[in-house]
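Below: the structure, in structure tokens.
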Amino acid sequence: MADHGIARTTRTRTPAQKQQDLERIQKYRDLESHLRQLVSSSDYSRRKTFDLTTTLLKLNPEYYTVWNVRRRTLTSGLFSRRSDGCSCSRACSSSSRSDTTTTCSDESSCSYSTRTPHSQACRRIGRSGIIADQGSDDTAVAQEPTEREDGEAQKKDLDIITSELSFTFGLLLKSPKCYWIWSYRLWTLDQSILLLPVEKAKKIWQDELGLASKMLSMDRRNFHAWGYRRHVVSQLESRELGGDSLVESEFAYTDRMIRADLSNFSAWHSRSTLIPRLLDERGAGEDERRAFLDAELTQIREALNVGPDDQSLWYYHQFLVDNLVNPVRRPTIVPTLTVDQRVDYLLKEITEIKDLLEDYEDVKLIHEALLEYTLGLCQLEKRKPLEHERQDLISWVKKLKELDPMRMGRWVDLERDYGLTELLPGGGGGLL
Amino acid sequence: MTDAFQQLPEELELATSAHVKYIQSLNTRQDEYDYWLTEHLRLNGVYWGLTALHLLGVPEGLPRSETIDFVLSCQHEDGGFGAAPGHDAHMLSTVSAVQILAMVDAFDELETRGKGKALVGKYIANLQNRQTGTFAGDEWGEEDTRFLYGAFNALSLLGLMDLIDVDKAVDYVAACANFDGGYGVSPGAESHSGQIFTCVASLTIAKRQDLIDKERLGKWLSERQLANGGLNGRPEKKEDVCYSWWVLSSLEMIGKTHWIDRDRLINFILQCQDTEKGGISDRPGDMVDVWHTLFGITGLSLLDYPGLEFVDEVYCLPKSTITRIFGP
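As given, the protein sequences belong to chains A and B, one line each in that order. Numbering of the first sequence is given in full-length UniProt numbering, commencing with residue 1 and proceeding in unit increments. Numbering of the second sequence is given in full-length UniProt numbering, commencing with residue 1 and proceeding in unit increments.
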């Protein structure tokens with residue numbers, strides 16, 4: 001219903017086209033009603049039901065109810081073990097760092113699921129691993145499976161999971177922003193944890209990083225793919241998969257993405273979230289932390305020299321400066337620096353940015369950074385701007401009004417809040 | 001402002017009657033394949049269309065009793081609503097159902113002919129992850145701050161916020177904040193205008209705006225406006241009419257709508273209209289749809305475009321509906 005980027009055309013259909021549309025509609029609706037019929041007779045275990053979902057989802061991957069039917073055919077027949085239709089494993093896995101119990105609607109009541117075998121309790125995935133729920137409806141589970149039966153069952157489940165991943169991969173290539181496909185794919189991955197030995201499940205999740213990379217190579221900013229990647233990484237690092245930290249390799253990944261495209265704010269963002277953990281896990285001391293910050297500042301300044309009007313770069317620079325100015329707000333790169341050391345850092349940044357102005361006098365983001373960092377400096381030293389700073393601030397805000405009249409309201413508010421009008425010497429009033 | 005509008009060339013006026021006709025025609029397109037392919041959004045579509053009609057000053061633009069009948073026909077035994085009869089229950093369609101019933105003042109019909117408010121509340125409350133505070137979209141567990149906002153929106157309209165752990169949900173939203181002042185789908189996720197709307201509105205409903213870094217968020221949001229007047233959803237991305245809602249409503253909630261250029265945004269939205277056949281698209285010259293039509297109109301409403309009813313920036317419903325439910 002939300003069409004993006006499709007050119008407006010004058011729609012006049014010939015009678016033949018209209019007829020063609022009606023035939024397509026009929027075919028689609030026949031498939032739908034056939035599926036509903038099978039589901040209302042509660043036959044989730046029939047291969048036909050599963051195959052119909054394949055056909056329908058290829059025509060319409062947004063059809064979430066059909067994805068749900070597909071899940072039910074797997075959990076109540078096709079998978080070797082009958083499992084709980086109410087799989088809230090996303091809820092578990094997405095918060096796997098703390099012990100979690102799933103939330104769960106206490107009763108499924110979908111029109112498609114009136115008679116689905118459905119145990120009430122949810123699965124739990126805790127630190128100790130998977131505790132598969134032994135619901136009351138375990139008829140499909142062999143009492144004491146022999147080793148051979150177990151092996152065959154696992155192979156069957158692995159085959160299904162592999163085939164589901166390949167099915168959704170094809171659909172994602174065509175619809176990379178379809179929430180339902182991403183969500184179903186994650187559900188499939190969760191099933192691997194429930195149904196397969198840890199090593200096999202882990203392999204599947206590891207391969208999934210490749211899918212995330214592939215999707216991000218097609219669209220470097222794909223919001224879904226970045227979120228998916230974060231989720232896959234946190235799952236691989238979790239105890240359920242006996243995982244080790246991936247923070248170094250993920251940090252290296254942001255390096256590669258940034259090198260390919262400096263404007264990729266998604267990669268800069270990801271970098272900013274990885275750094276605190278990275279330094280902690282490296283056991284970095286003060287010298288190493290300072291060296292790290294120096295290297296990050298040098299890198300971003302070099303980038304700004306080439307693209308001083310790129311917002312992505314400035315946001316990351318702001319993140320680094322924030323580590324100096326607001327060290328208590330969140331985990332920081334250099335927690336032990338004294339105020340004087342922070343001030344030195346900041347003064348150096350301000351000087352470097354002023355140099356940028358020589359080449360790019362009319363780039364608004366430079367003036368804005370100078371203004372914010374100078375105010376940050378005052379905040380750090382808990383003082384009002386010195387007279388020469390005040391004059392600078394006044395000239396920068398004046399320039400901002402000139403270069404960026406679209407955001408005039410913001411510049412006027414800044415002027416008012418910080419008392420930056422030339423007519424009021426002494427900076428009377430305002431926030432400082 | 002008004003003077004400026006009077007000077008606009010004719011094609012840059014809101015084509016109100018064309019938009020009304022466009023929305024009213026949506027349910028008559030059953031001979032189009034797309035009509036069937038989008039059935040999973042039907043209830044949401046009714047909400048989008050009906051809200052747009054209210055804002056355009058035609059609240060009776062869709063027949064009231066048929067609308068209520070349709071909404072109630074989507075309800076399941078457990079209280080949740082699917083997108084259309086025969087579709088599974090989901091948070092998104094359940095919220096749309098509650099919003100539609102709120103708009104047409106029909107909560108009483110939910111009691112008499114539907115499964116009742118309490119069961120709707122229970123359905124939504126059961127989707128809360130009691131450990132982390134966030135919400136899933138349905139029984140399959142996909143979590144996203146969109147669902148958390150949906151729960152807050154619907155439950156507060158129904159007066160049932162006490163069914164959920166609001167403090168935990170608020171903590172979760174706070175954990176989604178990024179250094180740039182924005183919010184993502186979950187802790188650690190990149191800031192995105194749509195998610196910012198859901199998080200800021202949730203904090204507003206919970207009366208916890210004190211947790212928002214308004215200066216930094218306001219800066220980030222105002223930087224979403226591009227030279228052509230349109231707003232984008234993230235840095236270095238293209239403009240799109242729908243962000244006229246996500247960005248602007250967030251700015252409005254934190255009192256900084258004046259940080260962007262209103263006239264340019266109005267112009268951009270008006271350029272995205274199909275003035276002849278009605279409807280608004282993502283960018284000028286693209287295909288229109290009811291979703292962009294609503295968010296173009298809500299954007300104009302927030303910008304005080306003449307002749308439009310006021311929209312509530314938190315609930316995305318007419319102000320008059322919100323006043324009727326919560327009082328002035």
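We treat Cβ as the ideally placed atom computed from N, Cα and C, and that holds for glycine. Every value quoted in this text rests on a predicted model; they were computed, and no experiment measured them.
If we count the other Cβ atoms within 10 Å of its Cβ and call it buried at 16 or more, is residue 225 of chain B buried or exposed?
Looking up residue 225 of chain B in the second sequence gives position 225. Buried is the call here.
Looking only at C-alpha atoms, which of A:225, A:207, A:199 and A:188 sits nearest to residue 173 of chain A?
Against the first sequence, residue 173 of chain A aligns to sequence position 173. Of A:225, A:207, A:199 and A:188, the residue nearest in Cα terms is A:225.
Where residue 391 of chain A falls, given that 16 or more other Cβ within 10 Å makes a residue buried
Here residue 391 of chain A is taken as the residue at index 391 of the first sequence, counted from 1. Per the 10 Å Cβ criterion, exposed.
Against residue 32 of chain B, what residues of chain A qualify as contacts under a CB-to-CB distance less than 7 Å, listed in chain order?
In the second sequence, the residue the question calls residue 32 of chain B occupies position 32. Going along chain A in sequence order, the residues near residue 32 of chain B (Cβ under 7 Å) are 21.
How about residue 67 of chain B and residue 81 of chain B: are their beta carbons less than 8 Å apart?
The sequence position of residue 67 of chain B within the second sequence is 67, counting from 1. The sequence position of residue 81 of chain B within the second sequence is 81, counting from 1. No, the Cβ-Cβ distance between residue 67 of chain B and residue 81 of chain B is not below 8 Å.
Between B:267, B:292, B:159 and B:134, which has its C-alpha nearest residue 147 of chain B's C-alpha?
As a position in the second sequence, residue 147 of chain B is number 147, starting the count at 1. Among B:267, B:292, B:159 and B:134, the Cα nearest to that of residue 147 of chain B belongs to B:134.
Residue 257 of chain B burial status per 10 Å Cβ neighbour count (16 or more: buried)
Position 257 of the second sequence, counted from the first residue, corresponds to residue 257 of chain B. Under this definition residue 257 of chain B is a buried residue.
Apply the 10 Å Cβ neighbour rule to residue 249 of chain B and answer buried if 16 or more other Cβ atoms are within range, or exposed otherwise.
To locate residue 249 of chain B, count along the second sequence from 1; it is residue 249. Residue 249 of chain B comes out buried.
Starting from the Cα of residue 44 of chain B, find the closest Cα among B:83, B:197 and B:174 and give me that residue.
Counting from one through the second sequence, the residue named residue 44 of chain B turns up at place 44. Ranking B:83, B:197 and B:174 by Cα distance to residue 44 of chain B puts B:83 first.
So residue 215 of chain B and residue 269 of chain A are in contact, right, with Cβ under 8 Å, and what is the actual spacing, rounded?
Taking the first residue of the second sequence as position 1, residue 215 of chain B is located at position 215. Taking the first residue of the first sequence as position 1, residue 269 of chain A is located at position 269. That belief does not hold up - the Cβ atoms of residue 215 of chain B and residue 269 of chain A are roughly 20 Å apart, past 8 Å.
Let me confirm a value: residue 326 of chain B is counted as buried when at least 16 other C-beta atoms fall within 10 Å, else exposed. Which label applies?
For the purposes of this step, residue 326 of chain B is taken as the residue at position 326 of the second sequence. With fewer than 16 Cβ atoms within 10 Å of its Cβ, residue 326 of chain B is classed as exposed.
Environment of residue 54 of chain B [buried if 16+ CB atoms lie within 10 Å]:
Within the second sequence, numbered from 1, the residue matching residue 54 of chain B stands at position 54. The residue is buried, with at least 16 neighbouring Cβ atoms inside 10 Å.
Going along chain B in order, which residues have a C-beta closer than 8 Å to the C-beta of residue 374 of chain A?
Reading the first sequence from its first residue, position 374 is the one you call residue 374 of chain A. Here the premise fails: no neighbours, minimum Cβ distance about 15 Å.
Regarding residue 165 of chain A and the ligand GDP, is the C-beta to nearest heavy atom distance less than 7 Å?
As presented, the structure is devoid of all ligands, the ligand GDP included, so that no description of it is given.
Just checking my contact of residue 216 of chain A with residue 204 of chain A at CB under 8 Å: how many whole Å lie between their CB atoms?
Residue 216 of chain A sits at position 216 when you count from the first residue of the first sequence. Residue 204 of chain A sits at position 204 when you count from the first residue of the first sequence. Not confirmed; about 19 Å, so no contact.
Can a CB atom of chain A be found closer than 8 Å to the CB of residue 161 of chain B?
By 1-based counting over the second sequence, the position of residue 161 of chain B is 161. No - not a single Cβ of chain A is within 8 Å of the one on residue 161 of chain B.
Length at least 4, wholly inside the stretch 19-95 of chain A: the alpha helix (DSSP H) runs in chain order
47-59, 64-73 and 89-93
Quick check on this structure: which residue in A:411, A:387 and A:384 has the alpha carbon closest to the alpha carbon of residue 396 of chain A?
Taking the first residue of the first sequence as 1, we reach residue 396 of chain A at position 396. The shortest Cα separation from residue 396 of chain A among A:411, A:387 and A:384 belongs to A:411.
So is residue 52 of chain A buried or exposed if we call it buried at 16+ other beta carbons inside 10 Å?
Numbered from its first residue, the first sequence carries residue 52 of chain A at position 52. By the 10 Å Cβ count, residue 52 of chain A comes out buried.
Where does the unbroken alpha helix (DSSP H) through residue 323 of chain A begin, and where does it stop?
In the first sequence, counting from the first residue as 1, residue 323 of chain A sits at position 323. Residue 323 of chain A -> alpha helix (DSSP H) spans 311-325.
Start and end residues, alpha helix (DSSP H) containing residue 93 of chain B
On the second sequence, position 93 is the one that residue 93 of chain B refers to. Residue 93 of chain B -> alpha helix (DSSP H) spans 91-103.
DSSP three-state assignment for residue 245 of chain A, whether helix, strand or coil
As a first step, residue 245 of chain A must be located in the first sequence, where it is residue number 245. Residue 245 of chain A: coil per DSSP, three-state reduction.
Complete runs of the alpha helix (DSSP H) confined to the stretch 170-222 of chain A [at least 4 residues]
179-195 and 198-218
So is residue 256 of chain A in contact with chain B if we call contact Cβ pairs under 8 Å?
As a position in the first sequence, residue 256 of chain A is number 256, starting the count at 1. No, because no Cβ of chain B sits closer than 8 Å to the Cβ of residue 256 of chain A.
Straight-line Cα distance separating residue 338 of chain A from residue 375 of chain A
Locating residue 375 of chain A in the first sequence gives position 375, where the first residue counts as 1. Locating residue 338 of chain A in the first sequence gives position 338, where the first residue counts as 1. Between residue 375 of chain A and residue 338 of chain A, the C-alpha separation is close to 19 Å.
Starting from residue 391 of chain A, follow the alpha helix (DSSP H) in both directions and report where the run begins and ends.
Position 391 of the first sequence, counted from the start, is the residue given in the question as residue 391 of chain A. It spans 387-403 - the alpha helix (DSSP H) in which residue 391 of chain A sits, taken as one unbroken run.
Beta-carbon proximity check, residue 145 of chain B vs residue 198 of chain B, cutoff 8 Å:
Here residue 145 of chain B corresponds to residue number 145 of the second sequence, with the count starting at 1. Here residue 198 of chain B corresponds to residue number 198 of the second sequence, with the count starting at 1. Going by C-beta atoms, residue 145 of chain B is nearer than 8 Å to residue 198 of chain B.
Compare the beta carbon distance of residue 313 of chain A and residue 342 of chain A with 8 Å and say whether it is the shorter of the two.
Position 313 of the first sequence holds residue 313 of chain A. Position 342 of the first sequence holds residue 342 of chain A. No, the pair does not count as a contact, with Cβ atoms beyond the cut-off.
Inside the stretch 153-201 of chain B only - beta strand (DSSP E) runs reaching at least 3 residues:
none
Interface residues of chain B facing residue 367 of chain A [CB-CB closer than 9 Å]
Taking the first residue of the first sequence as 1, we reach residue 367 of chain A at position 367. The premise fails here: residue 367 of chain A is roughly 14 Å from chain B at the closest Cβ pair, so nothing lies under 9 Å.
Buried versus exposed, by CB contacts within 10 Å (16 or more), residue 91 of chain B
Locating residue 91 of chain B in the second sequence gives position 91, counting from the first residue. Flag for residue 91 of chain B reads buried.
Could you check whether the Cβ of residue 197 of chain B sits closer than 8 Å to any Cβ belonging to chain A?
Taking the second sequence and counting its residues from 1, one reaches residue 197 of chain B at position 197. Cβ-Cβ to chain A under 8 Å: no for residue 197 of chain B.
Along the stretch 391-412 of chain A, what residues have a CB closer than 8 Å to any CB found in chain B?
405, 406, 407, 408, 409 and 410
Rounded to a whole number of angstroms, what is the C-alpha to C-alpha distance between residue 24 of chain A and residue 32 of chain B?
Translated into positions along the first sequence, residue 24 of chain A becomes position 24. Translated into positions along the second sequence, residue 32 of chain B becomes position 32. Each residue's alpha carbon lies about 9 Å from the other.
Do residue 218 of chain B and residue 265 of chain B have their beta-carbon atoms positioned less than 8 Å apart in this structure?
As a first step, residue 265 of chain B is located in the second sequence; it is residue number 265 there, counting from the start. As a first step, residue 218 of chain B is located in the second sequence; it is residue number 218 there, counting from the start. Result no, Cβ atoms of residue 265 of chain B and residue 218 of chain B do not sit closer than 8 Å.
Would you kindly report the start and end of the unbroken alpha helix (DSSP H) that includes residue 266 of chain A?
On the first sequence, residue 266 of chain A is found 266 positions in, with the first residue counted as 1. Looking at the DSSP string, the run of the alpha helix (DSSP H) that includes residue 266 of chain A is 265-282.
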